[in-house]
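Novice:
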Amino acid sequence: MKIHLARSIAPVLTAAVLLAGSPAIASVQFIPPPPPDQGYPPGSLRGGASRGDCPPTATPLTALAPAESVWGLTTRDRPTFWFYVPYSLTDDRPATFVLLDSDRNYVYQTSSIRSTQAGIIKITLPPDLPPLAVGRYQWTLMIQCEVDNPVFTQGSIDRIALPADLRDRLAQSSPAEQGALFADAGIWYDALTTLAELHSANPTDRTTTSNWHSFLQSVGLSDLADQPLID
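If you're matching positions, the sequence shown starts at 238 in this note's numbering and goes up one per residue.
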């Protein structure tokens, strides 16, 4: 399967200008690749209205993904998925994450997702799971607010091979620069995870906070930029 990146990885980045001797990245903008022309139908970025045990909230259940297609690329064989959940996840209000391959076979499923507060959660495929092959997968996060009527968000992810030129540039870059490189290359999930982990580890750092805000704003998710990242 051919996946065309947003642009070739050039020395001059649109996402962030890496000036010689500059200690910080001014801004990170995601440059989306052309959307897929086949495979899974368009996803659902945000969950529906409140129901059952899920109270009304200002911001609904939301996947951290580009809004138009709810689809993104990764080079990782066990990627991390990120979601804003507007309430706690408990035994009485469980969440289930499901990942299917292109033939609709189950690749991974877990219902052990818990959190004690609203915020952005992450779901990483476990190390004992066979690595994802290159190809397209569909993910779904469901919250059982009401029997047989869950709130859910759904989208798709393509695992691609890491381009050799990008690999070389990543090897010579700091973590912050790596996030910008992934964003400029249109590799959503790798950029997201890199920047989220930096922001989580350094929540008061002005540069990581600015990068996180500008990155989410570039895909219409600015309403999530100040939400807590839950470990």
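Where is the CB? At the ideal position from N, CA and C, for every residue including glycine.
Within 10 Å of its beta-carbon, does R443 have 16 or more other beta-carbons around it, so buried, or fewer, so exposed?
Specialist: By the 10 Å Cβ count, R443 comes out exposed.
Novice: Quick check on the burial criterion: 16 or more other C-beta atoms within 10 angstroms. Buried or exposed for D395?
Specialist: Buried.
Novice: Quick check on DSSP: helix, strand or coil for G258?
Specialist: Per-residue confidence for G258 stands at a pLDDT of 37, beneath the threshold of 50, marking its modelled position as unreliable; no derived number is given.
Novice: Using 10 angstroms around the beta-carbon of P367, count the other beta-carbons present and answer buried if the total reaches 16, otherwise exposed.
Specialist: By the neighbour-count rule (16 or more Cβ atoms within 10 Å), P367 is not buried but exposed.
Novice: Alpha carbon to alpha carbon, how far is T317 from Q346? Give it in angstroms, no decimals.
Specialist: Going by the C-alpha atoms only, they are around 14 Å apart.
Novice: Judging by CA-CA distance, which residue of T296, R341 and G280 is the nearest neighbour of L461?
Specialist: With distances taken between Cα atoms, L461 lies closest to T296.
Novice: In chain order, what residues of the same chain lie with their CB nearer than 6 Å to the CB of P331, ignoring the 5 residues before and after it?
Specialist: If we look at P331 and ignore the five residues flanking it on each side, its Cβ neighbours are S348 and Q381.
Novice: Should the region 431–446 be regarded as contacting the region 326–342, the criterion being three or more beta carbon pairs within less than 8 Å?
Specialist: Too few Cβ pairs lie closer than 8 Å, so no.
Novice: Residue range of the beta strand (DSSP E) that L378 falls in?
Specialist: It spans G372 to I380 - the beta strand (DSSP E) in which L378 sits, taken as one unbroken run.
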